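Engineer: Residue 1 is where the sequence shown starts when you use the UniProt record's numbering, and the numbers rise one by one after that.
All residues carry an ideal CB built from backbone N, CA and C; glycine is no exception.
Please read all numbers here as calculations on a predicted model, not as lab measurements.
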Amino acid sequence: MDSVEVIGKTEKVMEDIRQTEGWAGYLRDKGWEVVSVHSEDKKHKMNAFIVPLGLFGFTLMKLQRSSYDPNWAELKRIKRKQRTVSSVIEPIRIQDELGFKMAGYKLSKFPYLATKTFILDLTKSETELWNNLSENAKRQVNKNKGALIEECDQKKFFELWKKNSKVWTMKERELGSLIKRFKGQARLVVSRTGNIYHSGLLIIYSADCANYYQTWTSNEGRISGAHYKLVWEEMLTAKSSGIKFFDLEGIFDERWPQKRWLGFTEFKRRFGGELVSFPGSYFRWL
């Protein structure tokens, strides 16, 4: 992948999980179709996802987290062939704003994906990463030295997730599909003390980035703060594997404010990552 806007320092180069073969396989398992689209200069390819609507063969198209503008003429042909009635593009960056406008795409008020995130640079030394943590985060990690961080089997993880999540959880078969399709690049990790489970994390690796994809925290975990230790150790695990970046996968964005994002935004801020903004979600009918 190419660059994204980073407020305050440098540009990052990384592969987003939504443009990987693992993600494509996961969506195929859900009954979606995956089609390849060339970039406008025809030097690159990206995956677009076709969602069947179940009505007269009509479909919805999603093209997410590509670094390149699509070839608009090719995209139009594909949409016509797929009987696409609406399409959404959520890019890493926009190369030519006029191209989006001429193709009829307008900025939506309702993005599907997170529009801001914090990204940690794992090429820094462990000491630098530690020093970038907030004082509160350091205290929580040190306080939970006795907590065990370990991988968890799918069935146990899903039971804990369903029990402790206050919002949406994916279906168990979808979780299994992700684990299968990412072939060792998706891990289920938990924090616990004895038989008490504090938190869990589904983390997915792309070629050079660890993605903090889904998480849960128990009532005990909200008191203990053990999730700080889990995330810290996962940062170090990814670093030791040669991964360059750790994407905390979404924070509050004042452009499209959602109050429920405020709490975990503060949690993620305490790990000292760089703020990354994406252009948003572009939509058109037909």
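I'd like the span of the alpha helix (DSSP H) that includes Trp232, first residue to last.
Structural biologist: Ala226 to Ser240 is the span of the alpha helix (DSSP H), which, as asked, contains Trp232.
Engineer: Is the Cβ-Cβ distance between Asp247 and Leu120 less than 9 Å?
Structural biologist: A contact, by the Cβ cut-off of 9 Å.
Engineer: Per DSSP, what are the beta-bridge partners of Thr117 in this structure?
Structural biologist: Its beta-bridge partners are Val276.
Engineer: Grab me the residues of residue 287's own chain with a C-beta within less than 7 Å of its C-beta, minus the 5 sequence neighbours each way, in chain order.
Structural biologist: Only positions 1 to 286 of the chain appear in this structure, which leaves residue 287 out of reach.
Engineer: According to the Cβ coordinates, are Met281 and Ser86 closer than 9 Å?
Structural biologist: Here residue 281 turns out to be Ser, not Met, going by the sequence shown. Contact flag unset, no.
Engineer: List the whole-angstrom C-beta distance separating Lys79 from Met102, where the pair is believed to meet the contact cut-off of C-beta under 8 Å.
Structural biologist: Going by Cβ atoms, the distance from Lys79 to Met102 rounds to 15 Å, so no, they are not a contact pair.
Engineer: Which runs of the beta strand (DSSP E) fall wholly inside the stretch 79-167 and span at least 3 residues, in chain order?
Structural biologist: Complete beta strand (DSSP E) runs here, min 3: 84-90, 116-121 and 148-151.
Engineer: Report the rounded CA-to-CA distance for Trp216 versus Ser177, giving the unit in angstroms.
Structural biologist: Straight-line Cα distance between these residues: approximately 19 Å.
Engineer: Could you tell me which of Phe158, Trp285 and Glu151 sits nearest to Val190, measuring between CA atoms?
Structural biologist: When only C-alpha atoms are compared, the closest one is Glu151.
Engineer: Would you kindly work out how many angstroms separate the C-alpha atoms of Asn142 and Arg18, rounded to a whole number?
Structural biologist: Approximately 35 Å, taken between the alpha carbons.
Engineer: Contact between the stretch 34-50 and the stretch 233-248 is defined here as three or more beta-carbon pairs at a separation below 8 Å; is this criterion met?
Structural biologist: Counting Cβ pairs under 8 Å, fewer than three are found: no touch.
Engineer: Measure the C-alpha to C-alpha separation of Ala226 and Phe271 and round it to an integer number of angstroms.
Structural biologist: If you take the alpha carbons of Ala226 and Phe271, they lie about 14 Å apart.
Engineer: Determine the contact status of Thr20 and Ser206, defining contact as a CB-CB distance below 9 Å.
Structural biologist: Yes. Within cutoff.
Engineer: With the cut-off set at 9 Å, would you say Val37 and Pro70 are in Cβ contact?
Structural biologist: It is a contact, given that the beta carbons lie within the stated cut-off.
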